[in-house]
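Numbered according to our numbering, the first sequence spans residues 349 to 927.
Ideal placement from N, C-alpha and C gives every residue a C-beta, glycine not left out.
First up is the structure itself, then whatever we jot down about it.
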Amino acid sequence: MRQLIEDSQFAFSGAMSEMGLSDSDWGNLLGRATVEDHGDAAMPCHSLASTLKRSPSEIAEEVCSLVSPQLDGIADVSSISGFVNLRATASWLSSKGSSLLSDPRLGVNEEDRMTIAVDYSAPNVAKEMHVGHLRSTVIGDAIVRLLEFKGHRVHRENHVGDWGTPFGMLIEHLLDLGEDEAANELSVGDLDSFYKQARSKFVSNEEFAERSRRRVVLLQGGDEETLRLWRVLVDESMRYFNDVYSMLGVLLTDDDIMGESDYQEILPTVVDRLSEGGLIQNSEGADVVFPGGWVNREGEPLPMIIRKADGGYNYSTSDLACIIDRVERLGCDKFLYVVGTPQKQHFEMVFQVAKQAGFMDERHSAIHVNFGSVLDTDGKVLKSREGEVIKLHDLLSEAVVRANSAIEEKNPELKGSQRESVASMVGIGAVKYADLSTERTKDYVFEWERMLSFEGNTAPYLQYAHARICSIFRKWGGDRSTLSDSTISCNEPEESMLARRLVNFPSVLDETISTYSPHKLCSHLHSVASAFATFYEACPVLGADSEDETSSRLALCELTARELDLGLGLLGIEVPDMM
RNA sequence: GGGCGUGUAGCAUAGCCUGGAUAAUGCACCGGCCUCCUAAGCCGGGGACCGCGGGUUCGAAUCCUGCCGCGCCCGCCA
349 MRQLIEDSQF AFSGAMSEMG LSDSDWGNLL GRATVEDHGD AAMPCHSLAS TLKRSPSEIA
409 EEVCSLVSPQ LDGIADVSSI SGFVNLRATA SWLSSKGSSL LSDPRLGVNE EDRMTIAVDY
469 SAPNVAKEMH VGHLRSTVIG DAIVRLLEFK GHRVHRENHV GDWGTPFGML IEHLLDLGED
529 EAANELSVGD LDSFYKQARS KFVSNEEFAE RSRRRVVLLQ GGDEETLRLW RVLVDESMRY
589 FNDVYSMLGV LLTDDDIMGE SDYQEILPTV VDRLSEGGLI QNSEGADVVF PGGWVNREGE
649 PLPMIIRKAD GGYNYSTSDL ACIIDRVERL GCDKFLYVVG TPQKQHFEMV FQVAKQAGFM
709 DERHSAIHVN FGSVLDTDGK VLKSREGEVI KLHDLLSEAV VRANSAIEEK NPELKGSQRE
769 SVASMVGIGA VKYADLSTER TKDYVFEWER MLSFEGNTAP YLQYAHARIC SIFRKWGGDR
829 STLSDSTISC NEPEESMLAR RLVNFPSVLD ETISTYSPHK LCSHLHSVAS AFATFYEACP
889 VLGADSEDET SSRLALCELT ARELDLGLGL LGIEVPDMM
């Protein structure tokens, strides 16, 4: 309860200095209560015992008696076993709630504007998008939305894998199939079998392998016909990726694509600039940089390969080029990489080299927003090459189908296009929420049942709360926009509980974005929806005892609905008005 | 071998950065609640030596340290 702590700070300042304590003695002690039953904020006094030479409970009692009159109308103060406990009063909750309601931003302020590049999604051309891309795409997109809401200028960057040695074999395979047939196969989204066919020919057919290698050279040499064929592969794949993006409802467009191929031209510059900085060394014919601090199996310094012995460039080179581009062309202050944890060391090395080479400095921050692997139910990493891949496209379709049949069962009144639209919001929302609601650095078990379950801490539960509120509004028949000026009053405990959860929104949102942890927002929204469900059972809105009560409860409904709408919206999840 | 991460009720998770009270939430389980704004809901209940051992502290799931289990990374892949 950051708001309450801020509003109470002055009283503690006074009380503490009266007791002979400086701000540094107690500064961090006042914090949110760890147990909701005890109150909203608390100050443990145990650590003051030695300086004051008195028992913690005596101190807590004195603090309580000094602070209590100051906080009249703000919080009820009590003390027990060395803790001073604050509980927000109904009037404080009412006034905070009302002020959030009148603010279109629900109390969330804007930060000083920064320019931030967010690197996410990054599918590979001619390869299937799978659940691994889901995480990057969904988390990255939510972070983009959150940053923009906080007032930042955000560059979405989709670092598509559209370059490199595999394209030799892919192009040759395309020629073998014939362009029309190949385009056809790719456009129906059968990317994986296309890739696998090419790969299997590459390993089993020496003539094909040789052609493929020659084709790579042509591609890198800028041969026109080869580039045209390459373009076919890229375009067909992109069409397919866009299909998935549109199903998912993410912000990415073709304008956000910054593929590997886009950086090819400046790769030699990267080498030159590293050389000028005296960082490049030659090792077994390759140009490498030793960032220091890392060793290999033999205990020798671990190099970062910048240019391979055959003259080709590496992933690291391309990442360094990205940094130069983002600093010098886009003028970014910050770059986020929404990429899986396995690449942690890689990014640490890249960032260090970029600093050593002066590509970025103290004014810039590069952050690897890492996330855990997608595991199968057997606890093993779901990999794309072996075994059956779960295609993202199929997964999303199935989510929508399941949502659709659930709606059919629960609410047969919803029909036609309306039901389809709701099914899409619910199905896709469920998948995205499942991904966003767990701490991102942990591994994530992919499980149909859990993902699509409509119970518990899931998107459908939150969406349902929103739909119920809208249903009340429909029955009420008034104009929702007039509710922003209403006064909320908290007379029933269920009203207070709902309000105390709702007013946490601004601080939760700030914490969510400062740690790039969407799950914090998810937990908060779930706590709101849950408090609303309790309120809904206990407090009739339209059938309240008085007009004032109805008006206050409608205002609570409005604030809840807007918070769910805004919160889920910032996560990239849509909220239906009925379901 | 080196490095990074992780271990919390039957299952899945939050809390760990910034130490505080009876460890929180959801599923599953048991028992209640629809003449009343959507029961995809609500209310109540049982269920945890927070991987194990040390240390720091008035106080440790949280900080330090040593083990154990699991996962990932470690020079021409991305």
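Closest to residue i by CA distance: which of the options is it?
i: Ser552; options: Met517, Pro760 and Arg901; result: Met517
i: Arg674; options: Tyr588, Val502 and Arg493; result: Val502
i: Met697; options: Gly679, His712, Ile654 and Glu710; result: Ile654
i: Ala436; options: Pro616, Met773, Val479 and Ala390; result: Ala390
i: Arg828; options: Ser837, Cys818, Thr835 and Ile836; result: Cys818
i: Gly804; options: Thr617, Val793, Leu916 and Ser871; result: Ser871
i: Gly499; options: Thr485, Asp460 and Leu534; result: Asp460
i: Leu539; options: Arg587, Leu419 and Asp524; result: Arg587
i: Arg798; options: Leu449, Arg750 and Asp893; result: Arg750
i: Gln700; options: Arg677, Gly688 and Asp667; result: Asp667
i: Ser801; options: Ile776, Cys393, Gly920 and Asn376; result: Ile776
i: Gln418; options: Ala474, Glu384 and Ser361; result: Ser361
i: Asn630; options: Val486, Gly647 and Met652; result: Met652
i: Asp913; options: Arg816, Gly826 and Cys887; result: Arg816
i: Lys728; options: Asn752, Val432, Gln693 and Tyr792; result: Tyr792
i: Met462; options: Ala877, Pro514 and Leu678; result: Leu678
i: Glu768; options: Ser416, Cys393 and Val748; result: Val748
Compute the Euclidean distance between the alpha carbons of residue i and residue j, then round it to the nearest angstrom.
i: Met926; j: Ser395; result: 53 Å
i: Ile672; j: Phe707; result: 6 Å
i: Lys868; j: Ser862; result: 11 Å
i: Gly379; j: Asp896; result: 35 Å
i: Arg350; j: Asn852; result: 7 Å
i: Gly641; j: Pro649; result: 7 Å
i: Arg330; j: Glu911; result: Residue 330 is absent from the structure shown; the chain starts at 349 and stops at 927.
i: Ser732; j: Ser765; result: Residue confidence for Ser732 is low, a pLDDT of 42 falling below 50, so the modelled location carries little weight; the figure read from the coordinates is stated next. For Ser732 and Ser765, the distance between alpha carbons rounds to 35 Å.
i: Glu410; j: Thr860; result: 36 Å
i: Pro841; j: Ser370; result: 37 Å
i: Ile900; j: Ile422; result: The residue you asked about is not Ile; residue 900 is Ser in the sequence shown. Rounded to whole angstroms, Ser900 to Ile422 spans 20 Å at the Cα level.
i: Ile428; j: Ser405; result: 7 Å
i: Ala847; j: Thr382; result: 18 Å
i: Val643; j: Tyr685; result: 24 Å
i: Glu756; j: Ala892; result: 32 Å
i: Gly512; j: Val564; result: 8 Å
i: Lys293; j: Ala530; result: Past the edges of the chain, shown from 349 to 927, lies residue 293, and the structure says nothing about it.
i: Ala754; j: Pro760; result: 10 Å
i: Ile820; j: His814; result: 10 Å
i: Asp420; j: Glu366; result: 19 Å
i: Met606; j: Asn590; result: 15 Å
i: Asp783; j: Phe358; result: 41 Å
i: Glu584; j: Ser535; result: 6 Å
i: Leu525; j: Thr574; result: 15 Å
i: Thr665; j: His481; result: 22 Å
i: His874; j: Gly597; result: 22 Å
i: Asp742; j: Val637; result: 43 Å
i: Ser832; j: Ser443; result: 13 Å
i: Met595; j: Ala714; result: 30 Å
Is the CB-CB distance between residue i and residue j below 8 Å?
i: Asn472; j: Gly509; result: yes
i: Ala546; j: Tyr611; result: no
i: Ala657; j: Leu918; result: no
i: Trp824; j: Leu907; result: no
i: Val770; j: Leu762; result: yes
i: Glu795; j: Thr725; result: yes
i: Tyr661; j: Leu615; result: yes
i: Cys838; j: Leu441; result: yes
i: Ile921; j: Gly445; result: no
i: Asp424; j: Thr399; result: no
i: Glu505; j: Val466; result: yes
i: Thr898; j: Met845; result: no
i: Val936; j: Leu740; result: Shown here, the chain extends from 349 to 927; a query on residue 936 therefore has no answer.
i: Ala474; j: Ser484; result: no
i: Ala909; j: Leu810; result: no
Exercise. Would you call the stretch 615-633 and the stretch 704-719 in contact, with 3 or more CB pairs under 8 Å?
Worked result: yes
Exercise. Can we say the stretch 573-584 touches the stretch 519-533, given the rule of at least three CB pairs closer than 8 Å?
Worked result: yes
For this session: Could you tell me whether the stretch 595-607 touches the stretch 554-569, where touching means 3 or more Cβ pairs closer than 8 Å?
Result: no
For this session: Mind the definition here: the stretch 535-544 touches the stretch 491-501 only if three or more C-beta pairs lie below 8 Å; say whether that holds.
Result: no
For this session: Taking only runs that begin and end inside the stretch 444-506, name each unbroken beta strand (DSSP E) of 3 or more residues, in chain order.
Result: 463-467 and 501-505
Exercise. Per the contact definition of three or more C-beta pairs closer than 8 Å, is the stretch 786-798 in contact with the stretch 715-728?
Worked result: yes
Exercise. Enumerated in chain order, which unbroken segments of the alpha helix (DSSP H) with a length of 4 residues or greater are wholly contained in the stretch 656-682?
Worked result: 663-676
Exercise. Considering only residues of the stretch 745-802, which uninterrupted alpha helix (DSSP H) runs meet the minimum length of 4 residues and lie entirely inside it, listed in chain order?
Worked result: 764-784 and 796-800
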